[in-house]
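Participant: Residue numbers (UniProt numbering): 1 to 235. Have a look at this one before I ask anything.
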Amino acid sequence: MGSLFPFRSDVDADAGSPRLVGIDEDAADEVFDALGSRTARRILTAIYDDPRPASALADAVDTSLQNARYHLDNLSDAGLVTVADTWYSERGTEMKVYAPANDAVVVFAGDDGTKTGAFDVLKRFLGGVVGVALGALVVQALLAPESLLPAMGTSGGSSGSGASGTPTASGGSGGFSTMDVRRTTTTTATTTSASGGGHGPLALLAEPGVAFFLGGICVLLVVATLWYVRTRRRG
Numbered sequence: 001m002g003s004l005f006p007f008r009s010d011v012d013a014d015a016g017s018p019r020l021v022g023i024d025e026d027a028a029d030e031v032f033d034a035l036g037s038r039t040a041r042r043i044l045t046a047i048y049d050d051p052r053p054a055s056a057l058a059d060a061v062d063t064s065l066q067n068a069r070y071h072l073d074n075l076s077d078a079g080l081v082t083v084a085d086t087w088y089s090e091r092g093t094e095m096k097v098y099a100p101a102n103d104a105v106v107v108f109a110g111d112d113g114t115k116t117g118a119f120d121v122l123k124r125f126l127g128g129v130v131g132v133a134l135g136a137l138v139v140q141a142l143l144a145p146e147s148l149l150p151a152m153g154t155s156g157g158s159s160g161s162g163a164s165g166t167p168t169a170s171g172g173s174g175g176f177s178t179m180d181v182r183r184t185t186t187t188t189a190t191t192t193s194a195s196g197g198g199h200g201p202l203a204l205l206a207e208p209g210v211a212f213f214l215g216g217i218c219v220l221l222v223v224a225t226l227w228y229v230r231t232r233r234r235g
């Protein structure tokens with residue numbers, strides 16, 4: 001019977017809603033103190049990228065385990081990180097897994113009205129980003145479904161391919177069907193026209209889902225700005 005260790009479960013980093021900290025609040029002092037070190041800021045960034053224990057965070061930012069734990073304690077006291085799970089090492093030692101305490105943390109300067117308006121804008125914007133991302137997936141699935149599927153192998157051999165490895169229109173059990181040929185041809189044509197025969201950022205921007213997402217983000221930024229300005233004028 002194999003050992004139960006190491007044990008690492010999937011981390012359910014259920015971060016809370018966005019947090020706004022007024023620059024004149026007591027909490028701001030704790031946040032600034034905790035983030036005063038560049039190492040602490042790198043640790044917090046690594047936690048947002050992927051929740052993990054102190055030892056893994058120390059490796060990620062190239063510091064000692066003792067130093068990583070010191071900064072994690074400060075970040076935890078400031079309410080920036082929280083313990084989301086517990087893993088066990090090969091020796092069965094408990095390891096706390098750190099995750100973000102909030103989806104986002106924003107420090108602002110202004111009165112209570114500014115805080116309320118900024119918080120509403122932040123919540124609306126983050127909710128809109130999620131909606132745009134889901135819409136981008138739908139657009140990509142409808143307009144370019146082949147990009148969401150594993151690449152189809154077309155190597156030569158005995159599976160109904162010609163000498164050059166091109167699928168034939170044979171309807172036999174070992175070959176591609178006519179539909180497969182059309183699908184492969186369509187995929188090749190779409191890829192060629194989108195990327196111009198190459199790969200890179202321009203080819204990625206040609207994807208309909210990516211274009212939809214970037215356009216949606218731009219619209220959200222404009223709407224959020226106009227809504228916030230109008231709210232401030234009414235206040």
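We put the CB at the ideal spot given by N, CA and C, even for glycine.
Is Arg69 helix, strand or coil by DSSP?
Facilitator: Residue state, collapsed to three classes: helix.
Participant: Can you grab the Cα-Cα spacing for the pair Leu214 / Glu94, in whole Å?
Facilitator: For the pair Leu214 and Glu94, the Cα-to-Cα distance works out to about 43 Å.
Participant: Would you say Leu35 and Arg41 are within 7 Å of each other, going by their C-beta atoms?
Facilitator: Against a cut-off of 7 Å, the Cβ pair of Arg41 and Leu35 comes out as a contact.
Participant: Determine the direct distance from the alpha carbon of Asp10 to that of Thr86, and round the result to whole angstroms.
Facilitator: Taken atom to atom, the span from the alpha-carbon of Thr86 to that of Asp10 is near 10 Å.
Participant: Span of the beta strand (DSSP E) holding Pro94?
Facilitator: This sequence places Glu at residue 94; Pro is not what is there. From DSSP, the beta strand (DSSP E) with Glu94 extends over 94–100.
Participant: Three or more C-beta pairs closer than 8 Å, one from the segment 18–28 and one from the segment 55–74: is that the case here?
Facilitator: no
Participant: Could you pull out every residue in the same chain whose Cβ sits closer than 6 Å to the Cβ of Val139, ignoring the five residues on either side in sequence?
Facilitator: Pro208, Gly209, Phe212
Participant: Could you have a look at Pro53 and say whether DSSP puts it in helix, strand or coil?
Facilitator: If DSSP states are grouped into helix, strand and coil, Pro53 belongs with the strands.
Participant: For Glu30, which option in Asn74, Ala54, Ile47, Leu57 has the closest C-alpha, if you only look at C-alpha atoms?
Facilitator: Asn74
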